[in-house]
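S.K.:
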Amino acid sequence: MSTYTLAIYLLLCTGLTQAFYLPGAAPHNYAEGDNVDLFVNALTPMRSLTNEKVNSLINYDYYNLNFQFCKPDGGPKKQPESLGSILFGDRIFNSPYDIKMLKDNDTCRTLCLVPNVTGEEAKFINDRIREDYAINWLIDGLPAAEMKIEAKTKELFFDMGFNLGDNEGKHQNLPALNNHYEIVLRYHRPTPETFRVVGVLVWPASIGGVQSSTPNCDSRNAQPLVLSEDRSQAIRYTYRVSWNESDTPWATRWDNYLHIFDPRIHWFSLINSVVVVILLCVMVSMILVRTVSRDINRYNAIEVSEDVQEDWGWKLVHGEVFRSPSNPLPLSVLVGNGSQLAAMTAVTLVFALMGFLSPSNRGSLATVMMVCWSLFGSIGGYFSSRVYSSLGGTNRRKNAFITATALPTFIFIIVFLLNFFLLSAGSSGAVPFGTMLLIIVMWFGISAPLSAIGSYFGGKHGAIQNVVRVNPIPRQIPPGPKYLKPWAASLLGGILPFGAAFVELYFVLSSLFASRAYYAFGFLALTAGVVALTTATVSILFTYFLLCAEEYRWHWRSFLIGGGSAFWVMAYGLFYWATQLRLESFSSVILYLGYLFLISVLDFLVTGTIGFFASYWVIRKIYSAIRVD
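Going letter by letter, the sequence shown gives residues -19 to -1, 1 to 610 in mature numbering (1 follows the signal peptide of the UniProt record, and there is no 0).
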């Protein structure tokens, strides 16, 4: 497939990812009167219309005792979920709502009457309303949503989740609890006797007054329900179901949910990134094709038999450039794990572009990432072993063991500590013990053995032969410019790759921390390709500058320069915290910083690996083309 064809294909996939279903998924057909199940999910913080900042990162179980929501007969029953769904905080249960297809239209019904809500429980609920928490329901795989209008384009869209209460119209400095739900179900009729759910809308309302068992669904003139924190009181929950026929077919029912806010930002960012990477590629081409080629021709034109042969520029270090660096073991381990992560990212993006990771398949993104990480352990072991051998390492068993265990252990320790904070905060987002055990089995039972197998084959293939001889005595390194110091070069080299991705990074962070679904995988895939190419070209440029400055210790520096964007990702994450989040609890702060640190570490490993391999490839190319005495 040519580059042009691939680019056209990716651009087409950008549009297709707005609403694309898992191939082979079948719609659920209902007959009139069939039961329509309503499942409840964890409560999550959301952005309100007046407050653009998210106030918390703690999810709460819908049936948390402090909420006092109505429970089904026989108690709530947990629904089966995928590994990724659990990791992303989904906790799905059945509910007592009784909904029949096209039945009980516009009938006001009482869900239950909670006779005694204590002041302590009322304070817990009021605090969650102040933090703009949202209730999340699922009907036929579709999330319940509120219909909203985008301020800029005036377009209608479905905002997933709906408010637990009203924090604006405060009464005696207390918010109002929404205890009535107007449920509007949109259905499509593919055949006269078949019905399919294509939309779920909810308008919550607060109805105060006497909380008797008589249903009252008229919220127009009702006083809001304000929960007193000084005494106990009753709450009556009511709901009304309305059925609206829609022309939207089942295959495109997600179009209203998957709304891209100002898509011009994505295109502007992508075009800007492409322009930057083209300029970088031109610069590298000029250096490699003109400068380096001219130097090579000049060196090769000198007669080897001449008594005096003067070297200059990068050729001065031809006898040092393949010298084994300090600490080759940790460098090879980082490169191996970075290769494994890069392969996982590439395959995950391919699955996303093909539609396998659509929002209709909950948790599929995290599930595919975990499975690919485990199965690609052999890639990490292979590259780590070959790089270690090429850098002069001899303890291959130690290399294989650390490659297979170091990164999973490091990530598991951080996730375990973050899970502890979630448990202490009473969050439903805490990963259950069984899921943690499954992850351990996947990492150390699948990934580690595959990594050992990859290390075996990498050691069997052996080291990559150097193209020039290494001098027995190390050469002295003259003082170089300040911008080529390791940390300065890393920060400077990371600016351009970060600049190519920071717009998409905003949407990714909003998806992770602000309960916004991310689905523009076409933009993400193109951005990832641009970032990889930018990282490679920047690393090559700085490595060339290092060699011209007679600095032959390029191994660690190329990795640090390639991974320099991770420092800017961390800095941008702190900026995002200051501008988009208002985290008041200590647990939320620790969670955000912990997850941001993990994101930065993983980005450092992937981009650092790209920088190392790009520099290694170019160095072998240019030094294999010269004639050395």
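We put the beta carbon where it would ideally sit given N, CA and C, even for glycine.
Bridge partners for Asp140 per DSSP, in chain order?
M.R.: Glu127.
S.K.: Just verifying my parser: in three-state terms, what is the DSSP assignment at Tyr238?
M.R.: The answer is coil: DSSP assigns Tyr238 none of H, G, I, E or B.
S.K.: With a threshold of 8 angstroms on Cβ separation, who are the neighbours of Leu83 within its own chain once the five nearest residues in sequence on each side are excluded?
M.R.: Result list for Leu83: Glu13, Gly14, Tyr168, Phe176, Trp224, in chain order.
S.K.: Alpha carbon to alpha carbon, what distance is there between Ser496 and Leu403?
M.R.: Looking at the two C-alpha atoms, the distance is approximately 17 angstroms.
S.K.: What does a CB cutoff of less than 8 angstroms around Glu287 pick up in its chain, not counting 5 residues either side in sequence?
M.R.: Residue placement at Glu287 is poorly supported in this model, since its pLDDT is 49, which falls under 50; the coordinates are not used for a value here.
S.K.: Determine the closest residue to Pro196 out of Arg221, Lys104, Arg212, Phe74, with distance taken between C-alpha atoms.
M.R.: With distances taken between Cα atoms, Pro196 lies closest to Arg221.
S.K.: Would you mind giving the Cβ-Cβ distance between Glu210 and Lys104, rounded to the nearest angstrom? I have them listed as a contact below 8 angstroms.
M.R.: Yes, they are in contact, since the Cβ atoms of Glu210 and Lys104 sit about 5 angstroms apart, within 8 angstroms.
S.K.: Would you decide whether Tyr464 is buried or exposed? Buried here means 16 or more other CB atoms lie within 10 Å of its CB.
M.R.: Exposed, because fewer than 16 other Cβ atoms sit within 10 Å of the Cβ of Tyr464.
S.K.: Between the alpha carbons of Phe332 and Arg450, how many angstroms are there, rounded?
M.R.: Distance between the alpha carbons of Phe332 and Arg450: 45 angstroms.
S.K.: Can you round the beta-carbon distance between Gly500 and Leu239 to whole angstroms, since I take them to be within the 8 angstroms contact cut?
M.R.: Checking the sequence, you will find Tyr at residue 500 rather than Gly. The Cβ separation is near 5 angstroms, so the contact holds.
S.K.: Near Thr348, what residues of its chain come up, given a Cβ to Cβ distance below 6 angstroms and the 5 sequence neighbours on each side ignored?
M.R.: If we look at Thr348 and ignore the five residues flanking it on each side, its Cβ neighbours are Ser63, Leu64, Gly65.
S.K.: Helix, strand or coil for Val289, going by three-state DSSP, please let me know.
M.R.: Caution applies to Val289, whose pLDDT of 44 falls short of 50 and renders its modelled position unreliable; the value that the coordinates give is listed next. Val289: coil per DSSP, three-state reduction.
S.K.: Answer with buried or exposed for Trp235, where buried requires no fewer than 16 other C-beta atoms within 10 angstroms of its C-beta.
M.R.: Trp235 comes out buried.
S.K.: With a 10 Å radius around its C-beta and 16 neighbouring C-beta atoms as the bar for buried, classify Arg456 as buried or exposed.
M.R.: So Arg456 ends up on the exposed side.
S.K.: What would DSSP say about Ser605, mapped onto helix, strand or coil?
M.R.: Note: Ser605 maps to helix in three-state DSSP.
S.K.: From residue 655 to Met551, what does the alpha carbon distance come to, in whole angstroms?
M.R.: There is no way to answer for residue 655, as the model of the chain reaches only from -19 to 610.
S.K.: Check the DSSP bridge columns for Gly146 and list the partner residues they point to.
M.R.: Answer by DSSP bridge pairing, in chain order: Leu158.
S.K.: Cβ atoms of Phe50 and Tyr44: under 8 angstroms apart, would you say?
M.R.: It is a contact, given that the beta carbons lie within the stated cut-off.
S.K.: Check Ile427 in the structure and name its three-state DSSP category.
M.R.: Of the three classes helix, strand and coil, the one that applies to Ile427 here is helix, per DSSP.
S.K.: Suppose the cutoff is 6 angstroms on Cβ atoms and the five residues either side in sequence are ignored; what does the same chain contact list for Thr25 look like?
M.R.: For Thr25, where only same-chain residues beyond five positions count, the Cβ hits under 6 angstroms are Asn40, Ala115, Ser496.
S.K.: Rounded to whole angstroms, how far is the Cβ of Leu261 from the Cβ of Thr515, which I believe are closer than 8 angstroms?
M.R.: Right, their Cβ atoms sit about 6 angstroms apart.
S.K.: Can you check the stretch 515 to 603 for any alpha helix (DSSP H) of at least 4 residues that lies completely inside it and give the ranges in chain order?
M.R.: If we require 4 residues or more, the alpha helix (DSSP H) runs fully inside the stretch 515 to 603 come out as 535 to 543, 546 to 561.
S.K.: Can you tell me the Cβ-Cβ gap for Ser546 and Thr524, rounded? I've got them flagged as a contact below 8 angstroms.
M.R.: With 8 angstroms as the limit, Ser546 and Thr524 do not qualify as a contact, their Cβ atoms being about 16 angstroms apart.
S.K.: Does the CB of Leu330 have a neighbour CB from chain D at under 8 angstroms?
M.R.: Although the question refers to chain D, the structure presented lacks it and comprises just one protein chain.
S.K.: Would you report the Cα separation of Arg201 and His161, rounded to the nearest angstrom?
M.R.: Straight-line Cα distance between these residues: approximately 12 angstroms.
S.K.: Please determine, among Val298, Tyr218, Ser359, Gly190, the residue with the shortest C-alpha to C-alpha distance to residue 611.
M.R.: The first residue shown for the chain is -19 and the last is 610, placing residue 611 beyond what the model contains.
S.K.: Note the first and the last residue of the continuous alpha helix (DSSP H) segment covering Trp231.
M.R.: Per DSSP, Trp231 belongs to no alpha helix (DSSP H) and is neither H nor E.
S.K.: Would you check if the distance between the CB atom of Ser436 and the CB atom of Ser355 is smaller than 8 angstroms?
M.R.: Cβ atoms of Ser436 and Ser355: not closer than 8 angstroms.
S.K.: Under a three-way DSSP split, which group does Ser405 fall into?
M.R.: Looking at Ser405 - three-state DSSP - the assignment turns out to be helix.
S.K.: Return the first residue and the last residue of the beta strand (DSSP E) that Leu119 is part of.
M.R.: Here the beta strand (DSSP E) through Leu119 covers 114 to 120.
S.K.: Short of 7 angstroms in beta carbon distance, which residues of its chain neighbour Asn400, apart from the five on each side in sequence? Order them along the chain.
M.R.: So the list reads Ala411, Val412, once near-sequence residues are dropped.
S.K.: Any idea if Val181 is buried or exposed, counting beta-carbon neighbours within 10 angstroms, 16 or more meaning buried?
M.R.: Burial call: buried.
S.K.: Using DSSP with H/G/I as helix, E/B as strand and the rest coil, what is Gly180?
M.R.: The answer is strand: DSSP assigns Gly180 an E or B state.
S.K.: Thinking C-alpha only, which one of Gln60, Tyr218, Leu68, Phe479 is nearest Met351?
M.R.: It is Leu68 whose Cα lies nearest to the Cα of Met351.
S.K.: Report the residue from Asp584, Leu562, Gly475 whose alpha carbon sits nearest the alpha carbon of Ser37.
M.R.: Nearest option by C-alpha distance: Leu562.
S.K.: Quick check on DSSP: helix, strand or coil for Gln214?
M.R.: DSSP places Gln214 in strand when its eight states are reduced to three.
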